[in-house]
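Student:
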Amino acid sequence: SLIWLGPTLACGSFAPRPTPTPTLPAAVETTAQQATGASGGPVAEATPLLPVETDTPTPEPTATFTPTPMPGTALAIGQPARVIAPNGVNMRAEPVTTADLVRYLPSRLKVTIVDGPIDGEGYRWWKLDDAEGNVGWAVENDGETDLLSPQMGEPEPVDRSPRIGERVLVTMSSGGQLSVRETPGTDANLVTRVNPGEEFTITGGPQESGGYIWFQIRSDDGATEGWAAESDGTERWLSPLE
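Heads up, the sequence shown is in my numbering, so the first residue is 182 and it goes up one at a time.
#1: Go ahead and pull the three-state DSSP assignment for Glu379.
#2: Is the distance from the Cβ of Ile383 to the Cβ of Glu337 below 7 angstroms?
#3: Report back the beta-carbon spacing between Pro421 and Val349 to the nearest angstrom; my notes put them in contact at under 8 angstroms.
#4: Identify, in the order they occur along the chain, each residue of the same chain with its Cβ nearer than 6 angstroms to the Cβ of Ala410, setting aside the five sequence neighbours on each side.
#5: May I ask you to report which of helix, strand or coil DSSP gives Ser420?
#6: Please state if the CB of Gly366 and the CB of Gly391 are separated by a distance shorter than 7 angstroms.
#7: What span of residues does the beta strand (DSSP E) with Ala409 cover, start to end?
#8: Starting from the C-beta of Asp401, find all residues in its chain whose C-beta is less than 7 angstroms away, skip the five residues before and the five after it, and write them out in chain order.
#9: Taking the beta strand (DSSP E) that Asp300 belongs to, which residues open and close that run?
#10: To which residues of the same chain is Ile265 closer than 8 angstroms at the C-beta, ignoring the five residues directly before and after it?
Here you go:
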């Protein structure tokens, strides 16, 4: 007969061995995964900030301060000037010697500088306003003599028509007297006659009568008031002081 003999255990009863379980590596969260917050909701990952290019501001130029000369120290725009050329100076339409003549500026005339200087043809030119409606250019110096000066000095009689409110000096030739009349005209009643060198204020005019231009004048004390002719066409009798 066949006899089956089971395995003989040297150590007693049979016990099965545990099957080893392989250890898997810990899961690594990829960049596509989102972190989970304590509440279970997704938490946005911080996005790194990229540097933003900014325009570098261009510094603005700093204005250069140019001091305005004190009146009487230098010729400058907006300042008065006096014609000191012994024979006067020409005012021209442009700062060139060939430009049209605007007028002749007599010596001692007061003007106002409105533009310049411009250098040309060896001269320095200034644009002047004569306060009589004329504007033009004149040279400062002819190379030997100053023709314009910033120094006003004391008021002086000038050869132009007066304006209301101005002071005038009687400038008739020595020995002559200027007639002052009640109204404009050589046939008007005579108020008085005044001497060269006397000063008055212009209070009215001009008015034309009998071939003369008349202005109303008044003395400081009010004792003399009436109308006087400014000129006979060749000699000025009433000269503004400026």
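Each residue gets a CB set at the ideal place from its N, CA and C atoms; glycine is no exception.
Tutor: Let me spell this out:
#1: Coil.
#2: The answer is no: Cβ separation not under 7 angstroms.
#3: About 6 angstroms separates the Cβ atoms of Pro421 and Val349, confirming a contact at the 8 angstroms cut-off.
#4: If you ignore the 5 residues before and after Ala410, its C-beta comes within less than 6 angstroms of the C-beta of Tyr393, Trp395, all in its own chain and listed in chain order.
#5: If DSSP states are grouped into helix, strand and coil, Ser420 belongs with the strands.
#6: When the beta-carbon positions are compared, Gly391 and Gly366 come within less than 7 angstroms of each other.
#7: Counted as a single uninterrupted DSSP element, the beta strand (DSSP E) harbouring Ala409 occupies residues 406–410.
#8: Excluding residues within five positions, none has a Cβ falling inside 7 angstroms.
#9: Run containing Asp300: 291–301, per the beta strand (DSSP E) assignment.
#10: Contacts found: Ser288, Arg289, Asp327, Leu328, Leu329, Ser330.
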